[in-house]
Amino acid sequence: MGPDTRRDLVATFVCFGLLGLVSGTWFSRIPAVRDHLQADLQTVGLVLVCLGIGAFASMPFGGRLSRRFASRRVCLVAGLVLAVIYAALPLVTSPVAFGAVLLLAGAATGLVEVMLNVHGADVERAVGRSVMPALHGLWSGGLLLGSALGAAVAGLGLSFGPHFWIVLPIFAVANTVGTLFWRDHRAPVRDGRRVRPSAKAISLPVILLAVMLLFSNVGEGSASDWLALYAHDERGFSEGAAAAAFTCYSLMITVGRLTGGYVLDRLGRVPTLRLCGVITAAGVATVLFLPSPAGPFLGAGLWGLGLSVVFPAAITAAGEHGRDNSAGAISAVATLGFGAFLTGPPLIGLLAQRTSIGTALGLVGLLALGVTALAGLAAGSRTRRE
């Protein structure tokens, strides 16, 4: 590995971790946001869905923008916009206005997410070995750090406004510096050619991989948005303890991703994904049905471990199915996957309003079994190393 490639890899790791930090900060303070808006579960769900709508609107343009302006420029600008928008949220008290600001936050987040995954796939090819699980492990590590800090400051009684205003400038500066070290693996296009991916990239296996990722990412997003609220509202945990349950989830999804490359090589991608679906379903069941106070902590850990390698493995498989247009396939799968991550939980919230958070989260366990059913599509074209 040459020094330029090594520097590119390290910078990509940093940017993945930084976005995870912002995500963990946001997700761990959703109970505080709910109190800030003085809103019921249905209103919170409708507000949160704006984040997903914004991402859905921006993600399809990620591939075009990366080709025209280079991925590092897009990620740099979108990261700065993301930081400014999130910093403005504590100043907004109306649920309608809050949702409008989240719409913009979702658009910026969607572009950053697509840039990271397309660039991560480029780096993986340049390095010549699997690094995608580890890249997502750094995102999860940032999520863990952000959620742990969220639990700590929530326990101290610090409101989410000052919390955001400390974290976001750090993100903005570090993400800007990190993207400046990215290499441009695809030449920018300024004449409009080669911008639109070929239709062959969106094949039936790619579509079904996207469905599998949808099932998985509803589970990830629901843990991020509703696990702490479930522990707080329906199990009677304090705000700090509820955030700590989400920290258990974040810890185990990080461990799973950092070790995921080894597990995938030893067991194979398809058997690993089938096992992941079963572990996730068991974790959700433990959270909901184990009467011990340890249930949400133990179950959250299994939940995170089960989901840990599904997304990076699916992204790699999509790139293999896409063949000569791997970026188009990755963009398509990532768009639906992140859309599910952002829009699935608000729909869970609407169901929770009519039933309970626990009942709504039961759907996540059923969807996890769908990952097991569709895992065979992740075989791709590359044989695993023996």
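According to our numbering, the sequence shown is numbered sequentially starting from 2.
For glycine and all other residues, C-beta sits at the position ideal for the given N, C-alpha and C.
(1) If you reduce the DSSP assignment to three classes, tell me which class Gly-241 lands in.
(2) Thinking Ala-224 and His-233 are a contact (beta carbons under 8 Å), I'd like their distance in whole angstroms, please.
(3) Measure how close the beta-carbons of Met-133 and Thr-317 come, nearest whole angstrom, since I'm counting them as under 8 Å.
(4) In terms of residue numbering, what span does the alpha helix (DSSP H) encompassing Ala-40 cover?
(5) Val-264 and Ala-376 - do their beta-carbons sit closer together than 8 Å?
(6) On a Cα-Cα basis, can you pick out the residue from Val-365, Gly-302, Met-2, Thr-287 that is closest to Glu-125?
(7) I'd like to check one pair, Gly-64 with Gly-320: are the Cβ atoms closer than 8 Å?
(8) On a Cα-Cα basis, can you pick out the residue from Val-15, Thr-177, Ser-204 that is closest to Leu-136?
(9) Helix, strand or coil for Glu-235 per DSSP?
(10) Output needed for His-164: all residues of its chain with C-beta closer than 6 Å, excluding positions within five of it in sequence on either side, in chain order.
(11) With DSSP collapsed to three states, give me the class of Val-132.
(12) List the endpoints of the continuous alpha helix (DSSP H) containing Thr-177.
(13) In this structure, does DSSP put Ala-369 in helix, strand or coil?
(14) Going straight from the alpha carbon of Phe-342 to that of Thr-336, what length do you get?
(15) At which residues does the alpha helix (DSSP H) containing Arg-7 begin and terminate?
(16) Would you please state the rounded distance, in angstroms, between the beta carbons of Gly-302 and Tyr-250? I believe it to be under 8 Å.
(17) When you compare each of Leu-42, Val-311, Ala-173, Asp-185 to Arg-258 by their alpha carbons, which one comes out closest?
(18) Out of curiosity, what's the CA-to-CA distance linking Arg-195 and Gly-262?
(19) Since Val-365 and Gly-220 should fall inside the 8 Å C-beta cutoff, what is the C-beta to C-beta distance between them, to a whole number of angstroms?
(20) Specify the secondary structure class of Leu-157 as computed by DSSP and reduced to three states.
(21) Indicate whether Leu-146 and Gly-25 have their beta-carbon atoms separated by less than 8 Å.
(22) Less than 8 Å between the beta carbons of Trp-227 and Ile-349, yes or no?
(23) With a threshold of 6 Å on Cβ separation, who are the neighbours of Cys-277 within its own chain once the five nearest residues in sequence on each side are excluded?
(24) Work out the CA separation of Leu-252 and Leu-19 for me, nearest whole Å.
(25) How many Å lie between Thr-287 and Gly-237 at the Cα?
(26) What are the boundary residues of the alpha helix (DSSP H) that includes Gly-64?
(27) What's the C-alpha gap between Leu-362 and Phe-247?
(28) Please state whether DSSP places Thr-336 in a helix, a strand or coil.
(29) With a threshold of 7 Å on Cβ separation, who are the neighbours of Thr-255 within its own chain once the five nearest residues in sequence on each side are excluded?
(30) Asp-123: buried (16+ other C-beta within 10 angstroms of its C-beta) or exposed?
(31) Alpha carbons only, please: which of Val-207, Ala-109, Tyr-87 is nearest the one belonging to Ile-31?
(32) Measure the C-alpha to C-alpha separation of Phe-161 and Val-23 and round it to an integer number of angstroms.
Taking the coordinates as given:
(1) DSSP, reduced to helix, strand and coil, places Gly-241 within a helical segment of the structure shown.
(2) Rounded, the Cβ-Cβ distance is 14 Å, inconsistent with contact.
(3) 5 Å
(4) Unbroken run through Ala-40: none, as it is neither H nor E.
(5) no
(6) Met-2
(7) no
(8) Val-15
(9) coil
(10) Val-154
(11) coil
(12) 161-180
(13) helix
(14) Here the C-alpha atom of Phe-342 lies approximately 10 Å from the C-alpha atom of Thr-336.
(15) 4-29
(16) 7 Å
(17) For Arg-258, the nearest C-alpha among the options comes from Val-311.
(18) Confidence at Arg-195 is low in this model, with a pLDDT of 49, below 50, so its placement is unreliable and the value that follows should be read with caution. Those two C-alpha atoms are separated by around 33 Å.
(19) 5 Å
(20) Looking at Leu-157 - three-state DSSP - the assignment turns out to be coil, as it is neither helix nor strand.
(21) yes
(22) yes
(23) Gly-307, Val-311
(24) 16 Å
(25) Between Thr-287 and Gly-237, the alpha-carbon positions lie close to 17 Å from each other.
(26) 63-70
(27) Straight-line Cα distance between these residues: approximately 14 Å.
(28) helix
(29) Gly-138, Ser-141, Gly-142, Leu-145
(30) buried
(31) Nearest C-alpha to Ile-31: Tyr-87.
(32) 13 Å
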